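A.B. asks: Next up is a structure, given as structure tokens.
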Amino acid sequence: MVVKTLPKQLKVAKKNNDVPVFTVRFSTSPDFYLKSVLPMLKQHRVVEILVPDGGCLQ
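Here the numbering used here is used: the first residue of the sequence shown is 4, the next is one more, and so on.
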């Protein structure tokens with residue numbers, strides 16, 4: 004699920020650096036998401052994905 008704003012408890016977790024952050028290129032392979040992002044998502048139940056080069060996830 005993609006959200007525009009976080010619930011209050013997740014805002015606190017993000018502020019405390021308890022939310023894993025992944026900076027990825029828009030062309031990042033699905034393999035990266037399966038091997039790196041998915042395990043962290045399962046563990047923390049939330050991750051932040053930044054796409055800094057102006058691309059969008061498709």
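Idealized CB from N, CA, C, for every residue including glycine. The model shown is predicted, which means the values in this text are computed figures rather than measured ones.
Let me make sure I understand the geometry here. Which of V54, H47, P55 has the alpha-carbon closest to that of N20?
C.D. replies: Minimum Cα distance to N20 is reached at H47.
A.B. asks: Quick check on F29: does DSSP put it in helix, strand or coil?
C.D. replies: In this structure, F29 counts as coil in the three-state DSSP scheme.
A.B. asks: Opposite V49 in the DSSP bridges: which residues?
C.D. replies: V49 is not bridged to any residue.
A.B. asks: Output the distance between the C-alpha atoms of I52 and S30, rounded to the nearest integer angstrom.
C.D. replies: About 13 Å.
A.B. asks: Between the Cα of T8 and those of V40, P55, V49, spot the shortest distance and give me the residue it belongs to.
C.D. replies: Of V40, P55, V49, the residue nearest in Cα terms is V49.
A.B. asks: Nearest-angstrom Cα distance between L41 and V27?
C.D. replies: Those two C-alpha atoms are separated by around 14 Å.
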